[in-house]
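In my numbering, the protein residues as written are 207 to 402. Following: one structure in structure tokens, then a few remarks.
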């Protein structure tokens, strides 16, 4: 797969049986493009139980549109993790940005990350991106309401600082076991990333 972010081309390999590329923006602001895309997905891809029931098709369409809306404005590459079919169990996002004078220290890029426990970086080295750090965390997404606690999100991520940019690859899910299950496939994907 090839994509672009921040004027750099990103090349990566992934297994289609695990991941489904997701457009983070559509040509127009209207819902028609996203709805047509979701309907195409439902026609082409496996749907997991209990969503196969035709009476749940409208609910599934709504869920997929909501999962897509969570990526709006991201600007990088996004892949849904769908090992058992749609809807997605998790999402992988790849973002590239200029460091704008920040030092080439991947650990410094993690300084603002918070989690239930302190974020502890682990040194890694990817074939295409060089040295970086990996981390895992669980955190609250948003604010609690009077009706419910804020949702908790599990995240497994990697940060690299090649050339004059920062590259972040994050896998997220509301289910920590999903993030654990995709860790091996995620590293293969990370190890394949090349910037040009």
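Even glycine gets a Cβ: it sits at the ideal position worked out from N, Cα and C.
- According to the DSSP assignment, residue 295 belongs to no alpha helix (DSSP H), since it is labelled neither H nor E.
- Beta-bridge analysis with DSSP links residue 371 to 304.
- Residue 337 and residue 330 have their C-alpha atoms some 6 Å from each other.
- In this structure, the alpha-carbon of residue 386 lies about 11 Å from that of residue 296.
- For residue 342 and residue 302, the gap between their C-alpha atoms comes out near 19 Å.
- Here residue 379 is buried: its Cβ has 16 or more other Cβ atoms, across all protein chains shown, within 10 Å.
- By the Cβ rule, the stretch 301-316 counts as touching the stretch 365-377, because three or more pairs are nearer than 8 Å.
- By the criterion of a C-beta distance shorter than 7 Å, residue 293 is surrounded in its chain by 257, 266, 269, 270 and 273, once the five residues flanking it on both sides are discounted.
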